[in-house]
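Reviewing the structure listed below.
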Amino acid sequence: KRRGGNGLFVVDDLGEALLDRYRRLEVDLVEVITRGQLHNDYQPVVESGTGALAGLETLIRWTHPELGVVPPSSLIPMAERAGFIDSIGRWVLQQALSDARRWARTQSRPFSLAVNVSPQQLMSVGFVEVVRDVLDAVQDLSPDRLVLEITESVFLRDGRKALQVLGELRELGVTLALDDFGTGYSSLSYLRQFPVDILKIDRTFISEIDTDPASSAIVGAVTDLAHRLGLVVVAEGVETAAQRRAVVDLGCDYSQGYYFARPLSAPDVDRLLHRPRLTLPGGS
Ligand code: C2E
Ligand code: MG
Ligand code: MG
Ligand code: MG
Numbered sequence: 334k335r336r337g338g339n340g341l342f343v344v345d346d347l348g349e350a351l352l353d354r355y356r357r358l359e360v361d362l363v364e365v366i367t368r369g370q371l372h373n374d375y376q377p378v379v380e381s382g383t384g385a386l387a388g389l390e391t392l393i394r395w396t397h398p399e400l401g402v403v404p405p406s407s408l409i410p411m412a413e414r415a416g417f418i419d420s421i422g423r424w425v426l427q428q429a430l431s432d433a434r435r436w437a438r439t440q441s442r443p444f445s446l447a448v449n450v451s452p453q454q455l456m457s458v459g460f461v462e463v464v465r466d467v468l469d470a471v472q473d474l475s476p477d478r479l480v481l482e483i484t485e486s487v488f489l490r491d492g493r494k495a496l497q498v499l500g501e502l503r504e505l506g507v508t509l510a511l512d513d514f515g516t517g518y519s520s521l522s523y524l525r526q527f528p529v530d531i532l533k534i535d536r537t538f539i540s541e542i543d544t545d546p547a548s549s550a551i552v553g554a555v556t557d558l559a560h561r562l563g564l565v566v567v568a569e570g571v572e573t574a575a576q577r578r579a580v581v582d583l584g585c586d587y588s589q590g591y592y593f594a595r596p597l598s599a600p601d602v603d604r605l606l607h608r609p610r611l612t613l614p615g616g617s
């Protein structure tokens, strides 16, 4: 079940003894929510050209009492297998919206809040109702400020069902993003059929964008295509000034990555939002 991602490296590094324990984590999942071991970090999304804050992406963190931080690339698949993805997903959404509500009060400039949704979560019965309920509870946040990030793999499972769910989410007024574009079975027909608003180009392309002509050609072409389809483009994983320059030159509207900011704790976002100018990095 090699899904890729950082989780596997973590497991490999732990060694056999720890690996056993790691397997036991699935059992511990039951207690995760009740014991307060989860929290959300938030990574800024900025306008590529100006570095102005445009949004925040919610990234779940699980701090295990013995093992420390378990990355979402391990937590999410475990939660899906163990049948907890709905509870965890609901917790993430509620927490993110309650934080966003606090931020919206102190902020005159509107910004978006992105939440990742796993394929199994998206397709589960009642997901649309959960989103509606959570949005209803947060009056201060206009639904289009909520961005739900999905991956192409949802279309593989049951494309028709996925299309229906996305349509219902659309009716709620939320914004939809296609995450990690270019890594999966990227098919242009998805872009034609599925009602997404944002395309997030995976960081594997961005990491080579200034050194590998093929990567930069792909990012440029995908960006142009997305724009012609009326989509907004986010470059993921911008780490250096050179990558940022390339991303700007190729027309990616928004950027996210360590160059601008790492994922921040909620209190760090509070502090960030109190700065007079919201321009990253450097700020002030
Ligand atoms: P993603 O949605 O593509 O999120 C971006 C990931 O890239 C995050 O990893 C982020 O910390 C990392 N990242 C951001 N900028 C850079 C950079 O400049 N360089 C590098 N090397 N990495 C960067 P993270 O937090 O480990 O999350 C991994 C994945 O786990 C996410 O990928 C997302 O698919 C999933 N995930 C995270 N939180 C949730 C959640 O609440 N629910 C669900 N279903 N999935 C989640
Ligand atoms: Mg994402
Ligand atoms: Mg991504
Ligand atoms: Mg990614």
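Under full-length UniProt numbering, the letters of the sequence shown match residues 334 to 617, in that order. Beta carbons: idealized from backbone N, C-alpha and C, even for Gly. Fair warning: this is a prediction, and the values are worked out from it, not measured in the lab.
Distance CB(residue i)-CB(residue j) smaller than 9 Å
i           : j           : result
residue 597 : residue 432 : no
residue 515 : residue 538 : yes
residue 438 : residue 471 : no
residue 400 : residue 430 : no
residue 395 : residue 408 : yes
residue 549 : residue 543 : yes
residue 370 : residue 413 : no
residue 455 : residue 498 : yes
residue 559 : residue 524 : yes
residue 450 : residue 422 : yes
residue 530 : residue 565 : yes
residue 381 : residue 552 : no
residue 534 : residue 487 : no
DSSP three-state assignment for residue i, whether helix, strand or coil
i           : result
residue 377 : strand
residue 393 : strand
residue 372 : strand
residue 594 : coil
residue 512 : strand
residue 500 : helix
residue 601 : helix
residue 542 : coil
residue 457 : coil
residue 492 : helix
residue 441 : coil
residue 480 : strand
residue 588 : strand
residue 408 : helix
residue 537 : helix
residue 606 : helix
residue 556 : helix
residue 464 : helix
Environment of residue i [buried if 16+ CB atoms lie within 10 Å]
i           : result
residue 447 : buried
residue 473 : exposed
residue 521 : exposed
residue 536 : buried
residue 485 : buried
residue 512 : buried
residue 504 : exposed
residue 383 : exposed
residue 377 : buried
residue 575 : exposed
residue 547 : exposed
residue 402 : exposed
residue 554 : exposed
residue 466 : exposed
8 Å contact criterion, which residue i and residue j should meet: CB distance rounded
i           : j           : result
residue 590 : residue 563 : Actually they are not in contact, since the Cβ atoms of residue 590 and residue 563 sit about 25 Å apart, beyond 8 Å.
residue 577 : residue 588 : 7 Å
residue 613 : residue 386 : 7 Å
residue 481 : residue 507 : 6 Å
residue 502 : residue 458 : Actually they are not in contact, since the Cβ atoms of residue 502 and residue 458 sit about 14 Å apart, beyond 8 Å.
residue 526 : residue 489 : About 13 Å; that fails the 8 Å criterion.
residue 444 : residue 389 : 7 Å
residue 606 : residue 440 : 6 Å
residue 392 : residue 405 : 7 Å
residue 500 : residue 476 : The pair is not a contact, with the Cβ atoms about 15 Å apart (cut-off 8 Å).
Closer than 8 Å: residue i CB and nearest ligand 3 heavy atom
i           : result
residue 535 : yes
residue 513 : yes
residue 482 : yes
residue 569 : yes
heavy atom of ligand 1 below 8 Å from residue i C-beta
i           : result
residue 392 : yes
residue 419 : no
residue 519 : no
residue 280 : Outside the shown range of the chain (334 to 617) lies residue 280, about which nothing can therefore be said.
residue 406 : yes
Near ligand 2: residue i beta-carbon under 8 Å from a heavy atom
i           : result
residue 449 : yes
Chain D contact for residue i (CB, 9 Å cutoff)
i           : result
residue 520 : This model lacks chain D altogether; it includes just one protein chain.
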